[in-house]
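For what it's worth, the working numbering labels the leading residue of the sequence shown as 36, then goes sequentially.
Some notes on the structure that comes next.
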Amino acid sequence: MTRNRTRRNRKPAAWKQLSDGRLERAIFLDFESFKNGPPILAGVQFDEHFEQVVFDPRLRQAAKHKDLESVDLHRWLKQLVERAVDEDRLVVAFSTAESTTLEALGIPLPANRYVNALKIAKSWRWKIHRPVAKQVRSNLKRWRNSTKNHLRNRWFAREGNRLTDFAKLADVTPPGKYGSGKVTTWLRTILGQLERKNDFTRLTPRAKGKWTSVLNHNRFDVTGLAMTIKKMVNDLQPPR
Numbered sequence: 036m037t038r039n040r041t042r043r044n045r046k047p048a049a050w051k052q053l054s055d056g057r058l059e060r061a062i063f064l065d066f067e068s069f070k071n072g073p074p075i076l077a078g079v080q081f082d083e084h085f086e087q088v089v090f091d092p093r094l095r096q097a098a099k100h101k102d103l104e105s106v107d108l109h110r111w112l113k114q115l116v117e118r119a120v121d122e123d124r125l126v127v128a129f130s131t132a133e134s135t136t137l138e139a140l141g142i143p144l145p146a147n148r149y150v151n152a153l154k155i156a157k158s159w160r161w162k163i164h165r166p167v168a169k170q171v172r173s174n175l176k177r178w179r180n181s182t183k184n185h186l187r188n189r190w191f192a193r194e195g196n197r198l199t200d201f202a203k204l205a206d207v208t209p210p211g212k213y214g215s216g217k218v219t220t221w222l223r224t225i226l227g228q229l230e231r232k233n234d235f236t237r238l239t240p241r242a243k244g245k246w247t248s249v250l251n252h253n254r255f256d257v258t259g260l261a262m263t264i265k266k267m268v269n270d271l272q273p274p275r
């Protein structure tokens, strides 16, 4: 059987979801959580406004220390989904994790309201930086088949296909202590000290610094993603 490659049957490019003014109205979203657990906190940006909220009651003191609001998880997520639907906005996140989480919590976002930014990033890299795209593909294949742990770890980390990899390629700079693969470790340290000391002010300076790092990481996963995707969509637009 031959594959139909006619223009009519070709799937639209991912970036076109955010064309025609929809990018400016998009909601950029990122959750922080432990593996297979509910979100602990979220960062969100729309209309150039960024905010963070904390869901886990164990972090209430830490949230207050940073002037963040502690909210009910389901109520906040329901309001987010309702905003996207009622105000005709798209929700943009880096991967399908946020969409999967919403569905698992019984607050699904309609499929036509969700944009997986990773697809856009890969399309942009293939068009604008094809040698880099080919090198990443080659590296991941080599690391996946390697018997060396440090190379296998690079494959598990999806090095080359992380937000920071795409952001740097788009000249968007992550914060100095951006914690790829470290956020859950930081959160465990913070939660452990809060459980033992029951007072955020008594946490060690290092633990307090890790809380700041968690929030900075999450902020970049939202605001950095927004800057990166805006550049990419602009680059992918055909000349007028």
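Glycine included, every Cβ here is placed at the ideal spot set by N, Cα and C.
Which residue from the options puts its Cα closest to that of residue i?
i: L238; options: R57, V79 and L94; result: L94
i: F63; options: H109, A49, F129 and W50; result: F129
i: D91; options: H100, D82 and S105; result: S105
i: R179; options: L198, V171, S173 and W190; result: W190
i: F66; options: G78, S158, K101 and R57; result: G78
i: L108; options: V218, H100 and I142; result: I142
i: D82; options: P73, Q170, L58 and N233; result: L58
i: V171; options: R197, S181 and D234; result: R197
i: K70; options: H185, H100, G216 and H252; result: G216
i: R254; options: V218, R118 and G56; result: V218
Apart from the five residues on each side of it in sequence, which residues of its chain come closer than 6 angstroms, Cβ to Cβ, to residue i?
i: Q228; result: L238 and A242
i: R165; result: none
i: R124; result: R60 and I62
i: V207; result: G259, M262 and T263
With burial defined as no fewer than 16 other Cβ atoms inside 10 Å of the residue's Cβ, what is the status of residue i: buried or exposed?
i: E86; result: exposed
i: Q80; result: buried
i: G259; result: buried
i: V120; result: exposed
i: P209; result: buried
i: T24; result: Residue numbering for the chain in the displayed model covers 36 to 275; residue 24 lies beyond these limits and cannot be assessed.
i: A97; result: buried
i: P273; result: exposed
i: R279; result: The first residue shown for the chain is 36 and the last is 275, placing residue 279 beyond what the model contains.
i: W159; result: buried
i: G195; result: buried
i: N269; result: exposed
Spatial neighbours of residue i within its chain, please: CB distance less than 8 angstroms, with the 5 preceding and 5 following residues excluded, ordered by chain position.
i: M36; result: Its pLDDT being 45, under 50, M36 is placed unreliably in this model, and the coordinates cannot settle the point.
i: V150; result: A49, Q52, L53, A61, L125, V126, V127 and A128
With which residues is residue i paired in a DSSP beta bridge?
i: A128; result: N151
i: S68; result: P74
i: I62; result: V126
i: V88; result: A77 and E104
Within the same chain, show all residues whose beta-carbon is closer than 7 angstroms to that of residue i, passing over the 5 residues directly before and after it, in chain order.
i: K245; result: W221, T224 and I225
i: A205; result: T263, K266 and M267
i: S248; result: K212, G214 and W221
**Asked** With a cut-off of 8 angstroms, do at least 3 Cβ pairs link the stretch 48-55 to the stretch 151-158?
**Response** yes
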